[in-house]
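J.:
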């Protein structure tokens, strides 16, 4: 779902840039910032709304794919709220 949204967003922005006569070389860096910001915002939104205990218990597991609660354990990346980046 996210991939479709990002692809459509890129095409829409390309059309806007072309229509407004903005250099297309600015599109790709902006797109990278948008993707990273959306993912970061979605993760923070998920943590704030659904796993707020992580802030006190295991702060670094918010951003890293490891849990440091009882030793180091690989947990993977999980928990992205689709409304977190809104």
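Residue numbers (our numbering): 6 to 91.
We put the beta carbon where it would ideally sit given N, CA and C, even for glycine.
#1: For residue 66, collect the residues of the same chain with a Cβ closer than 8 Å to its Cβ; drop the 5 residues on either side in sequence, then sort them by chain order.
#2: Along the chain, where does the alpha helix (DSSP H) containing residue 34 start, and where does it finish?
#3: For residue 64, which of helix, strand or coil comes out of DSSP?
#4: Exposed or buried, what is residue 43 when buried is set at 16 or more other beta-carbons lying within 10 Å of its beta-carbon?
#5: Going by DSSP in three states, residue 82 sits in which element: helix, strand or coil?
#6: How far does the alpha helix (DSSP H) with residue 28 in it extend, from its first residue to its last?
#7: Is it buried or exposed, residue 47, if we count other Cβ atoms within 10 angstroms and call 16 or more buried?
T.: Straight from the coordinates:
#1: Close CB contacts of residue 66 within its chain, under the 8 Å cut and outside five residues either way in sequence, are with 59, 72, 73, 74 and 80 (chain order).
#2: 32-55 is the extent of the alpha helix (DSSP H) around residue 34.
#3: helix
#4: buried
#5: coil
#6: It is not in any alpha helix (DSSP H) - residue 28 carries neither H nor E in the DSSP assignment.
#7: By the neighbour-count rule (16 or more Cβ atoms within 10 Å), residue 47 is buried.
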